[in-house]
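Mapping of the sequence shown onto the UniProt record's numbering: residues 1 to 201, in sequence order.
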Amino acid sequence: MFWWIILLLVLAFLAYFWIKSDIFKRVQVSIVENPFGQAKKLTIYYKHVVGPYKNVGKYFDELYSILTKSVTTMGIYYNDPDVTKPEKCQCAIACIYSIGDQIQFDSKVVEKLIQHGYKKKIIPCFERAVHTRTKYNTVFCILRLIWFSFPAIKRFVKKNNIQVSLAMEINTIEPGNFFIDVYMPISDSSGYYVDEYEEAE
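Written out as structure tokens, the structure reads:
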């Protein structure tokens with residue numbers, strides 16, 4: 001009897017966080033315009049990463065060990081993991097230093113980023129993109145992102161015959177919530193490729 005109670009408590013605990021993570025909520029995908037407002041460029045500090053995308057979490061952890069949690073971070077994913085071998089997938093893990101002329105953190109943080117191997121790059125603000133948003137409030141939210149959000153946005157792109165070449169994940173904190181916004185820019189994407197990027201075979 002005791003073990004049944006423990007099992008029920010565990011199942012209730014998992015169910016609570018499963019629901020809290022919006023696992024069963026329908027993924028909303030749409031085309032958005034000018035998500036950065038009137039800004040024309042972003043200045044980022046990035047690190048080029050090669051390998052399975054499932055391992056990028058440690059690079060975000062590294063960024064948050066340098067930055068305050070309020071700083072916006074991002075991942076630029078250059079390859080489709082359904083097409084490219086995991087060990088050859090490339091991305092840039094970065095933080096946003098400025099949006100247009102609005103600087104997000106001071107020079108001391110910049111020095112720390114450079115010491116940890118991050119490089120500066122200016123990228124354009126896309127004007128139109130396919131977009132979906134996921135709330136990140138439990139570890140299960142990552143499962144929603146992988147199992148539901150990315151497949152939904154890819155289906156939307158295919159169904160509407162939209163030409164995209166990369167995906168961008170932008171992590172932002174709003175009062176009381178942490179959100180992951182996934183964008184697939186509908187534009188020339190050449191300005192988002194870092195110098196270290198190499199064409200996959």
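Ideal placement from N, C-alpha and C gives every residue a C-beta, glycine not left out.
Distance check for residue 26 and residue 196, CA to CA, integer angstroms please. What you label residue 196 is simply residue 196 of the sequence shown in a count that begins at 1. What you label residue 26 is simply residue 26 of the sequence shown in a count that begins at 1. Residue 196 and residue 26: Cα-Cα distance of roughly 37 Å.
For residue 75, count the other beta carbons within 10 Å of its own beta carbon; 16 or more makes it buried, fewer makes it exposed. Which is it? Within the sequence shown, numbered from 1, the residue matching residue 75 stands at position 75. The residue is buried, with at least 16 neighbouring Cβ atoms inside 10 Å.
Rounded distance between the beta-carbons of residue 42 and residue 99, thought under 8 Å: Here residue 99 refers to the residue found at position 99 of the sequence shown. Here residue 42 refers to the residue found at position 42 of the sequence shown. Contact flag correct, Cβ pair sits at about 6 Å.
Measure the C-alpha to C-alpha separation of residue 185 and residue 132 and round it to an integer number of angstroms. Taking the first residue of the sequence shown as 1, we reach residue 185 at position 185. Taking the first residue of the sequence shown as 1, we reach residue 132 at position 132. Taking the straight line from one Cα to the other gives about 12 Å.
Nearest-angstrom Cα distance between residue 198 and residue 47? On the sequence shown, position 198 is the one that residue 198 refers to. On the sequence shown, position 47 is the one that residue 47 refers to. Using only the alpha carbons, I get a separation of about 14 Å.
In terms of residues, what are the limits of the alpha helix (DSSP H) holding residue 26? By 1-based counting over the sequence shown, the position of residue 26 is 26. From DSSP, residue 26 is part of no alpha helix (DSSP H); its letter is neither H nor E.
Three-pair Cβ contact test at 8 Å for the segment 178 to 193 versus the segment 153 to 169: yes
Please report how far the alpha carbon of residue 37 lies from the alpha carbon of residue 124, in whole angstroms. In the sequence shown, residue 37 corresponds to position 37, counting from 1. In the sequence shown, residue 124 corresponds to position 124, counting from 1. Cα to Cα, the separation comes out at about 12 Å.
Under three-state DSSP, which class holds residue 197? For this step, residue 197 is matched to residue 197 along the sequence shown. Note: residue 197 maps to coil in three-state DSSP.
Residue 49 versus residue 67: straight-line alpha-carbon distance, rounded: Here the question's residue 49 lines up with position 49 in the sequence shown. Here the question's residue 67 lines up with position 67 in the sequence shown. If I take the Cα positions, the gap works out to 19 Å.
Quick check on the DSSP output: the alpha helix (DSSP H) that includes residue 57 runs from which residue to which? Within the sequence shown, numbered from 1, the residue matching residue 57 stands at position 57. Where residue 57 is concerned, the enclosing alpha helix (DSSP H) stretches over 57 to 66.
Just to confirm, are residue 91 and residue 53 a CB contact at a threshold of 8 Å? Numbered from its first residue, the sequence shown carries residue 91 at position 91. Numbered from its first residue, the sequence shown carries residue 53 at position 53. Against a cut-off of 8 Å, the Cβ pair of residue 53 and residue 91 comes out as a contact.
Give the DSSP bridge partners of residue 73, in chain order. For this step, residue 73 is matched to residue 73 along the sequence shown. According to DSSP, which records beta bridges pairwise, residue 73 is partnered with 95 and 171.
Assuming residue 113 is part of the alpha helix (DSSP H), what are its boundary residues? The residue you call residue 113 lines up with position 113 of the sequence shown. Counting along the chain, the alpha helix (DSSP H) containing residue 113 begins and ends at 107 to 115.
Of the listed residues 61, 71, 55 and 58, nearest to residue 44 (C-alpha basis): One-based indexing of the sequence shown puts residue 44 at position 44. Among 61, 71, 55 and 58, the Cα nearest to that of residue 44 is on 71.
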